[in-house]
Amino acid sequence: MVYDELDMLQRLHHPNIVRFHDWFESKDKYYIVTQLATGGELFDRICDYGRFTEKDASQTIRQVLDAVNYLHERNVVHRGIQRTAPHFLTVTDILTDLKPENLLYLTTAQESPLVLADFGIAKMLDSDTEVLTSMAGSFGYAAPEVMLKQGHGKAVDMWSMGVITYTLLCGYSPFRSESLNDLIEECRSGRIVFHERYWKDVSKDAKDFILTLLQPDPTLRSTSEQALQHRWLKGETATDHNILPELKTYIARNRLKRGIEIIKLANRIEALKMQDEGDDIPGTTLDESEEKKAEEKPAADAKPSEGAAAPANKGRLSRLARGAIFREVVLAKVREMKQQEQQQQVEKEALEKIEKEKGR
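Each step along the sequence shown adds one to the number in my numbering, with nothing skipped, and position 64 is 50.
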C-alpha cells in the first residue's frame, strides 16, 4: 500500500502543489523527499505584508482551490491526523488535512506561488463515489462527517476550504467550541455567524462563497469545480478592505500557543535526557543511604579535582522533576481517554438517531 501512495505522489504535477522528488526507506521508516518551500506559512507571510485585502484573499484561495481541484480530478483527498491503512486505494484521502499550516509559499519572492504541502496520509480512491471511514483531519478544520467517522469523500476538503476562507477574512475560526461534542454539534447545526464588527466591510459574495462550502450535508456542498466558478473567486466583487489588522491578532495568538507548546516539549525532552544520562544507566543510581551520605558531605569534599571525571550521577533527575513529568504524562493520557470516550458517545448517539429514523 505504501508503494501505491508513493507512486501516486510521483504523478502529481501542479504549480500549487509541492513537488515530490524521491523517497527511501530504513529498517522501520519511509522517508519522502519533496521540493523545499522556503517562503513560510500562509498566515506568517501575510503578517509581513503592509496590507492584505479581501481581493488578495480571493486570489490566495483560488490558488489553493486550483490545487484541490487538480487532486479531486485525480480522485485524491488530503487527510492528516493519523495514518491508517485502508484495504483499498483511495483518492479522496490526499486533502483532508487542509489547514493554513499546510499552505506554504515556495520562495520568499513577492510573486511566489502558494503550494499545498504535507501529503503524509495521501490515498487514491478506486472511483469518484468511493468513501472513506477512517478518522483523519485536524479538529477545527475537519468536516462533521470526518469527526463522526462516517463515510466521507472529496466534500471534506471543501469544508476545510470554507473554514480557511472564513478565518482568512476575519482572523478567527467559525467554530470555536472547546470539547469534541460541542464542536461536532456546532458544525452540524449549519449556523455560520458573520459578526458585524468584523464582517461589515466584507462583500456579500465572499460570505456566499463560504456558505456554499460550510454545508453540514456533504451532498449540498459545492464541488471544487463549482467553487472555482463562483463570482467571488473571479475577483470582480471582492473589496479592497484591508483585513490585515484582524489577521495579525489571529497570527499572534497562534504563535503564542505554538511557542508555549514548543517550550513544554523542549522541557520534557531535556528532563528525559537527564533521566537517560542518570537514572537509566546501571550503576549510576544511589540508594537512599548513599544519597543521604552524599548530602551530608561538605561542599569542598564533593568538588571534583581538576581533570577528574564528573560524578556518575551528575545528570540524575530529581524526584520532584520525575514526579512533574509523570503527572504531565498521566494528565495527557487522561485527556486522550476522555476525548476517545466523547467520540464514542457521539458515534453511539448518531447511530441511535439513524436507527430511530429508520424505524419511522
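Glycine included, each C-beta is placed from N, C-alpha and C at the ideal position.
It should be emphasised that the depicted structure is a prediction, and the values quoted were computed from it without experimental measurement.
(request) Would you tell me roughly how many angstroms separate the C-alpha atoms of Arg31 and Leu84, rounded to the nearest one? (result) Locating residue 31 in the sequence shown gives position 45, where the first residue counts as 1. Locating residue 84 in the sequence shown gives position 98, where the first residue counts as 1. Rounded to whole angstroms, the separation of the alpha carbons of Leu84 and Arg31 is 18 angstroms.
(message) Going by beta-carbon coordinates alone, are Met144 and Ser44 separated by less than 8 angstroms?
(response) Taking the sequence shown and counting its residues from 1, one reaches residue 144 at position 158. Taking the sequence shown and counting its residues from 1, one reaches residue 44 at position 58. Annotated as distal: Met144 and Ser44, with beta-carbon spacing of 8 angstroms or more.
(request) Give the secondary structure of Asn88 by DSSP, where H, G and I count as helix, E and B as strand, and everything else as coil. (result) Against the sequence shown, residue 88 aligns to sequence position 102. Of the three classes helix, strand and coil, the one that applies to Asn88 here is helix, per DSSP.
(request) Take Ser163 as the anchor and find which of Glu172, Glu232, Leu155 has the nearest alpha-carbon. (result) Locating residue 163 in the sequence shown gives position 177, counting from the first residue. Closest option to Ser163, Cα to Cα, is Glu172.
(request) Can you grab the Cα-Cα spacing for the pair Ala129 / Arg177, in whole Å? (result) Residue 129 sits at position 143 when you count from the first residue of the sequence shown. Residue 177 sits at position 191 when you count from the first residue of the sequence shown. Straight-line Cα distance between these residues: approximately 14 angstroms.
(request) Leaving aside the five residues before and after Asn228 along the sequence, list all residues of the same chain whose C-beta is less than 8 angstroms from its C-beta, in chain order. (result) On the sequence shown, residue 228 is found 242 positions in, with the first residue counted as 1. In its chain, beyond the 5 residues on either side, Arg37, Phe38, Thr39 have a beta carbon closer than 8 angstroms to the beta carbon of Asn228.
(message) Measuring straight from C-alpha to C-alpha, what distance separates Tyr152 and Glu(-9)?
(response) Taking the sequence shown and counting its residues from 1, one reaches residue 152 at position 166. Taking the sequence shown and counting its residues from 1, one reaches residue -9 at position 5. Rounded to the nearest angstrom, the two C-alpha atoms are 31 angstroms apart.
(request) Report yes if the CB atom of Ile3 is closer than 8 angstroms to the CB atom of Leu154, and no otherwise. (result) Here residue 3 corresponds to residue number 17 of the sequence shown, with the count starting at 1. Here residue 154 corresponds to residue number 168 of the sequence shown, with the count starting at 1. No, they are not a contact pair.
(message) Using only the alpha-carbon positions, how far apart do Pro1 and Arg217 sit?
(response) For this step, residue 1 is matched to residue 15 along the sequence shown. For this step, residue 217 is matched to residue 231 along the sequence shown. Pro1 and Arg217 have their C-alpha atoms spaced approximately 23 angstroms apart.
(message) If I follow the unbroken beta strand (DSSP E) through Val101, where does it start and stop?
(response) As a first step, residue 101 is located in the sequence shown; it is residue number 115 there, counting from the start. Annotation: the continuous beta strand (DSSP E) that includes Val101 extends over 100 to 102.
(request) Could you pull out every unbroken alpha helix (DSSP H) segment of at least 4 residues lying fully inside the stretch 21 to 62, listed in chain order? (result) Listed in chain order, the alpha helix (DSSP H) runs fully inside the stretch 21 to 62 are 28 to 33, 40 to 59, counting runs of at least 4 residues.
(request) Measure the C-alpha to C-alpha separation of Asp34 and Val50 and round it to an integer number of angstroms. (result) Locating residue 34 in the sequence shown gives position 48, counting from the first residue. Locating residue 50 in the sequence shown gives position 64, counting from the first residue. Whole-angstrom Cα-Cα distance: 20 angstroms.
(request) Quick one: measure Cβ to Cβ for Gln21 and His7, integer angstroms, because I've assumed they're closer than 8 angstroms. (result) The count along the sequence shown starts at 1 and reaches residue 21 at position 35. The count along the sequence shown starts at 1 and reaches residue 7 at position 21. Correct: roughly 7 angstroms between the Cβ atoms.
(request) Check whether the Cβ atoms of Ser165 and Val149 sit closer than 8 angstroms, and answer yes or no. (result) As a working note, residue 165 is residue 179 in the sequence shown. As a working note, residue 149 is residue 163 in the sequence shown. In this structure, Val149 does not lie closer than 8 angstroms to Ser165 by Cβ.
(request) List the residues that DSSP assigns as beta-bridge partners of Ile3. (result) Position 17 of the sequence shown, counted from the first residue, corresponds to residue 3. According to DSSP, Ile3 bridges with Leu102.
(message) My output table needs one value for Glu97: the three-state DSSP class, helix, strand or coil.
(response) Residue numbering aside, residue 97 sits at position 111 when the sequence shown is read from its first letter. Looking at Glu97 - three-state DSSP - the assignment turns out to be coil, as it is neither helix nor strand.
(request) Following the continuous alpha helix (DSSP H) through Gly148, name the residue where it begins and the one where it ends. (result) Numbered from 1 along the sequence shown, position 162 holds the residue referred to as residue 148. Element bounds for Gly148: 141 to 156.
(message) Between which residues of its own chain and Leu169 is the CB-CB distance below 8 angstroms, once the five residues before and five after are set aside?
(response) Walking along the sequence shown from the start, residue 169 turns up at place 183. Within the same chain, Leu169 has close Cβ partners Phe125, Gly126, Met133, Phe161, Ser163.
(message) If I measure Cβ to Cβ from Thr115 and keep anything under 7 angstroms in the same chain, skipping five residues before and after, which residues do I get?
(response) Within the sequence shown, the letter at position 129 stands for residue 115. Because the pLDDT at Thr115 is just 47, under 50, the model does not fix this residue reliably, and the point stays unresolved.
(message) Looking at Leu89: is its Cβ nearer than 8 angstroms to the Cβ of Ser98?
(response) Taking the first residue of the sequence shown as position 1, residue 89 is located at position 103. Taking the first residue of the sequence shown as position 1, residue 98 is located at position 112. Contact flag unset, no.
(request) Look at the alpha carbon of Gln329 and the alpha carbon of Lys135, and state the distance between them as a whole number of angstroms. (result) Taking the sequence shown and counting its residues from 1, one reaches residue 329 at position 343. Taking the sequence shown and counting its residues from 1, one reaches residue 135 at position 149. When rounded, the distance between both Cα atoms is 9 angstroms.
(message) Quick check on DSSP: helix, strand or coil for Tyr(-11)?
(response) The sequence position of residue -11 within the sequence shown is 3, counting from 1. The answer is helix: DSSP assigns Tyr(-11) an H, G or I state.
(request) State the DSSP-derived secondary structure class of Asp194, mapped to helix, strand or coil. (result) To locate residue 194, count along the sequence shown from 1; it is residue 208. Correct three-state label for Asp194: helix.
(request) Could you have a look at Ile340 and say whether DSSP puts it in helix, strand or coil? (result) Within the sequence shown, numbered from 1, the residue matching residue 340 stands at position 354. The three-state secondary structure of Ile340, taken from DSSP, is helix.
(message) I need the boundaries of the alpha helix (DSSP H) containing Pro130, first residue and last residue.
(response) Indexing the sequence shown from 1 puts residue 130 at position 144. Following the DSSP letters along the chain, one finds Pro130 inside the alpha helix (DSSP H) bounded by residues 130 to 133.
(request) Report all residues from its chain with a CB closer than 6 angstroms to the CB of Phe195; omit the five preceding and five following residues, and keep chain order. (result) Walking along the sequence shown from the start, residue 195 turns up at place 209. Within the same chain, and ignoring the five residues on either side of Phe195 in sequence, the residues whose Cβ sits closer than 6 angstroms to its Cβ are His216, Trp218.
(message) By alpha-carbon positions, which one of Leu233, Tyr17, Ala213 ends up nearest to Ala53?
(response) Start at 1 with the first residue of the sequence shown, and residue 53 comes out as number 67. Among Leu233, Tyr17, Ala213, the Cα nearest to that of Ala53 is on Ala213.
(request) Within the same chain, show all residues whose beta-carbon is closer than 7 angstroms to that of Gln(-4), passing over the 5 residues directly before and after it, in chain order. (result) Walking along the sequence shown from the start, residue -4 turns up at place 10. Within the same chain, Gln(-4) has close Cβ partners Phe6.
(request) Work out the CA separation of Phe10 and Leu57 for me, nearest whole Å. (result) Looking up residue 57 in the sequence shown gives position 71. Looking up residue 10 in the sequence shown gives position 24. Leu57 and Phe10 have their C-alpha atoms some 24 angstroms from each other.
(request) Can you tell me which of Val188, Lys140, Ser189, Phe29 puts its alpha carbon nearest to the alpha carbon of Ser210? (result) Along the sequence shown, one-based indexing puts residue 210 at 224. Nearest option by C-alpha distance: Lys140.
(request) Just mark Glu232 as buried or exposed, buried being the case when its beta carbon has 16 or more other beta carbons within 10 Å. (result) Locating residue 232 in the sequence shown gives position 246, where the first residue counts as 1. Note on Glu232: 16 or more other CB atoms within 10 angstroms of its CB, so buried under the neighbour-count rule.
(request) Could you name the residues of the same chain whose beta carbon sits closer than 7 angstroms to that of Lys186, not counting the 5 residues immediately before and after it, in chain order? (result) On the sequence shown, residue 186 is found 200 positions in, with the first residue counted as 1. Within its own chain, no residue has a Cβ closer than 7 angstroms to the Cβ of Lys186 once the five positions on either side in sequence are excluded.
(message) Tell me the residue span of the alpha helix (DSSP H) that contains Asp168.
(response) Within the sequence shown, residue 168 is the residue found at index 182, counting from 1. 166 to 175 is the extent of the alpha helix (DSSP H) around Asp168.
(request) Tell me where the alpha helix (DSSP H) around Arg183 begins and ends. (result) The sequence position of residue 183 within the sequence shown is 197, counting from 1. Note, Arg183: alpha helix (DSSP H), 182 to 185.
(request) Consult DSSP for Glu11 and reduce its assignment to one of helix, strand or coil. (result) Reading the sequence shown from its first residue, position 25 is the one you call residue 11. The answer is strand: DSSP assigns Glu11 an E or B state.
(request) Pull up the CB-CB distance for Pro202 and Arg174, whole angstroms please, since I reckon it's below 8 angstroms. (result) Here residue 202 corresponds to residue number 216 of the sequence shown, with the count starting at 1. Here residue 174 corresponds to residue number 188 of the sequence shown, with the count starting at 1. A Cβ-Cβ distance of about 5 angstroms is found for the pair Pro202 and Arg174, placing them in contact under the 8 angstroms criterion.
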